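Take a look at the structure below.
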Amino acid sequence: MTGTAGLERGYRRWLRWYPKAFRREHEAEILAVLLAGARAGQRQPAPMECLDLLRSALWMRLRPRVPRSNRPVFAAIKLMYLGGVVELATAITILVTIGDVRSNVANRNPGLTEGEWHAIAAGQVAPVAVAAGIAVGFWLWMAWAIGRGHRWARIAFASFFTLNTVGLLHGLIQGSAVYARPDLAIGSVLWLVELAAIALIFHMKPAGSPSA
Amino acid sequence: MQEATFLILTALAAGSQHGYGIIADVAQISDGRVRLRAGTLYSALDRLRLDGLVTVDREEIVGGRLRRYYRLTPEGTGQLAAEAARFQANAAAALARLGLAGGTAG
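So the sequence lines, in the order shown, correspond to chains A and B.
For the first sequence, this note's numbering gives the first residue as 62, with consecutive numbering after it.
For the second sequence, this note's numbering gives the first residue as 363, with consecutive numbering after it.
See below:
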């Protein structure tokens, strides 16, 4: 039985990757299934068993906890992933085209020194790239939180939407429609994605409600 | 519906089963082609319970170990029947076009 005890300890170690609530309800029965399926004389979990438990545990932590019949939530989550992709594309575009930006700035200011360029990059270009990177994380976080049924996520996303709306309107008033059309275009796309996601998450059934 | 999910629902179609029973039954139904691991099985069962297709039937202790039996809900039975009919229709169409359908080959 010492071999079984060692095997059980090994399985329990891997089961720790699962969410606590899931372990409380299912650890004993999963353990029974793992032990029933173990080879005669097996003393340690097999690598493929460990990989399967790890993969399932991580998926259990990340995937949406709402019924598939709650379609608005899944549509909102997909839109949030789309928003993240657009933000990521924005951040990559800023980083890839930094040389072009520098050329344009230099053309407009022929006497631009290295120090002045660094000041512009640090003060204007870098914050936009960093903000886009943070926004990617925020979109993904919101997609996860909405999928897990966290009510605070609705409020957080609505606040994000409000801030972006104000920012977009401020940009329009400041004349970005004339001076920064790509910026305005990408901002408008993101705003529309946010608007659609907001409409969906405020019309969805409460998370965890039984399927219709 | 993924094949593993379809096979789990099929395993439960004849009556309630516990986790290891489902794994063994899925292997038998698929002629040994699909061998579910415990992590994959419980991930699928969790999703099926959340979707209202499967529910816990009963629990018992055997040899000091917990056995939880699962069964199909009426919605699960309906979805499995619909999916099986869809597979059957697709298979019939494929076999007919290949000229392999019994009695209908042209």
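Each residue gets a CB set at the ideal place from its N, CA and C atoms; glycine is no exception.
Note that the coordinates shown come from a computational prediction; the quantities given were computed from them, not determined experimentally.
Contact between G210(A) and R126(A) holds, with the beta-carbon distance rounding to 6 Å and staying under 8 Å.
Look at H211(A) here: in three-state DSSP terms it is coil, with no helix or strand label. Per DSSP, the continuous alpha helix (DSSP H) segment holding T151(A) begins and ends at R132 to V157. Within its own chain, the residues whose Cβ lies closer than 7 Å to the Cβ of V388(B), once the five positions on either side in sequence are excluded, are L369, I370, A373, V396 and L398, listed in chain order. Taking one beta carbon from each stretch, the region 135–153 of chain A and the region 198–205 of chain A have 3 or more pairs nearer than 8 Å; the two touch. Here Y382(B) carries a helix assignment [DSSP, helix/strand/coil]. Taking a 10 Å sphere around the C-beta of R409(B), we find 16 or more other C-beta atoms and assign the residue as buried. For A444(B), the closest of L415(B), G401(B) and R433(B) by C-alpha to C-alpha distance is L415(B). Against chain A, the beta carbon of Y432(B) has no neighbour under 9 Å; the closest one sits roughly 10 Å away.
For V94(A), the number of other beta carbons within 10 angstroms of its own is at least 16, and it is reported as buried. If you check each beta-carbon in the region 373–393 of chain B against every beta-carbon of chain A, the ones closer than 8 Å belong to H380, G381, Y382 and I385. For R430(B), the enclosing beta strand (DSSP E) has its first and last residue at R427 to L434.
In the DSSP assignment, R420(B) forms a beta bridge with Y431(B). Q105(A) and L403(B) have their alpha carbons spaced roughly 20 Å apart. Using a C-beta cut-off of 8 Å, the region 427–445 of chain B makes contact with the region 77–92 of chain A, since at least three inter-stretch Cβ pairs fall below that distance. If you keep only unbroken alpha helix (DSSP H) runs of at least 4 residues inside the region 164–234 of chain A, you get 175–181 and 187–208. Note that the C-beta distance between W78(A) and L114(A) is below 8 Å. Counting along the chain, G401(B) sits inside the alpha helix (DSSP H) bounded by residues A400 to L412.
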